[in-house]
Structure formats: C-alpha cells, structure tokens
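First residue of the sequence shown: 1, per the UniProt record's numbering; consecutive thereafter. By construction, the Cβ of each residue, glycine as well, lies at the ideal position given by its N, Cα and C atoms.
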Amino acid sequence: SSKAVSSHLSWTGFLIASFVISTQAMYFDLVQQKERCIIEEIPEDTLVTGEETHWDKNQQNSQHLGLTITVKDPNYEVLLMKRFGRYGKFTFTSHSSGQHFLCVKSNSTRFSVFAREHLEREETFRQMSEETNGNVLWWAIMQTSILLTVGFYQIRSLKNFLIEKKLV
C-alpha cells in the first residue's frame with residue numbers, strides 16, 4: 001500500500017517536473033524605453049524561436065504599446081531586430097556558439113503619442129455621442145407628442161361623428 005502511494009507520488013512528481021522543465025517564460029517590467037537583456041549561451045547553428053506577449057496593468061491602452069526585440073551574437077552583430085505590437089513571434093539561427101544577447105525595449109514614446117491621440121479622439125467621439133443621444137431623445141418626445149395629439153383628435157372626431165349620426 002505504501003509502495004503504491006510512493007510510486008503514485010513519484011509519477012506525479014515526474015509529470016509536474018516535466019511540465020515545469022518544458023515551459024520557460026520571462027517577465028519584464030519595462031518603463032519608459034528602458035531596455036532589458038537576456039544573455040544566453042547558444043550553440044552554433046541552433047534555431048531559436050520565441051513568442052512575445054505583453055500585458056499592460058491598465059489594460060486600456062495596451063493595444064498601442066509596442067516592443068522592439070534585438071538579438072546580437074557573441075561578436076555583437078545584430079542577428080534580428082524586430083518591432084512588435086501586442087503579440088509577436090520571432091525566429092533566428094545562431095551562426096556561432098557563445099553568449100547571445102536578446103534585448104527587449106519598450107516603444108513608449110510611440111505609445112504616448114498614440115495614447116494622447118486616442119484619448120482626444122475618444123473625447124470628441126463621446127461629446128458627439130452625447131449630442132446625438134440628446135437629439136434622439138427630443139425627436140422621440142416630439143414624435144410621441146404628435147402621435148398623442150393626433151390620436152386624441154381622431155377619437156374626438158369619431159365621437160362627434162357617431163353622435164351626429166345618432167349611432168350612440
């Protein structure tokens with residue numbers, strides 16, 4: 001019984017360890033164009049792939065925040081330089097073995113320009129929407145008033161007609 005529990009726990013531990021080993025992720029807090037780099041020892045002729053996803057704490061303007069990823073080989077030659085939006089994938093092949101530098105930089109100046117323009121457009125659109133909603137409300141009130149007036153007139157006319165014809 002204790003062997004079975006021990007064996008079960010060993011398998012569970014093995015499975016958990018294999019999932020932990022197979023997943024690798026990094027978290028960077030990039031503020032105002034600061035660059036963060038990872039230094040990784042990579043053998044020659046190795047295909048390296050990566051996926052970039054960033055998350056904005058505010059979640060409101062994250063679609064405009066971009067990142068630039070730069071990869072340099074041990075001789076500081078640029079193997080890859082690519083700008084991404086919110087999501088992106090990159091691939092490069094190492095031409096020589098040694099320490100490779102993968103640097104991530106925020107495009108925050110571009111972000112601030114886009115954010116300012118977006119907020120101004122959003123404010124203009126909000127004001128226009130409020131004006132339109134006000135106009136629609138008044139139009140609905142006018143239509144209702146006209147319909148009620150016409151309805152009362154028709155009822156009164158029908159009543160007078162029936163009285164005149166002595167049907168009531």
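Query                                                                                                                              : Result
Based on the DSSP output, what are the partners of M81 in its beta bridges?                                                        : T70
What residues in its chain sit with their C-beta under 8 Å from that of S96, if we drop five residues either side in the sequence? : E44, D73, P74 and N75
Assuming E40 contacts C103 (C-beta within less than 8 Å), just tell me the rounded distance between them.                          : Not really, about 11 Å apart at Cβ, beyond 8 Å.
Measure the alpha-carbon distance for T49 versus F90 and round it to whole angstroms.                                              : 6 Å
Between G66 and E122, what straight-line distance do the alpha-carbon atoms span, to the nearest angstrom?                         : 21 Å
Hey, E52 and I38: beta-carbon distance below 8 Å or not?                                                                           : no
Just to confirm before moving on: does the CB-CB distance between V78 and F92 stay below 8 Å?                                      : no
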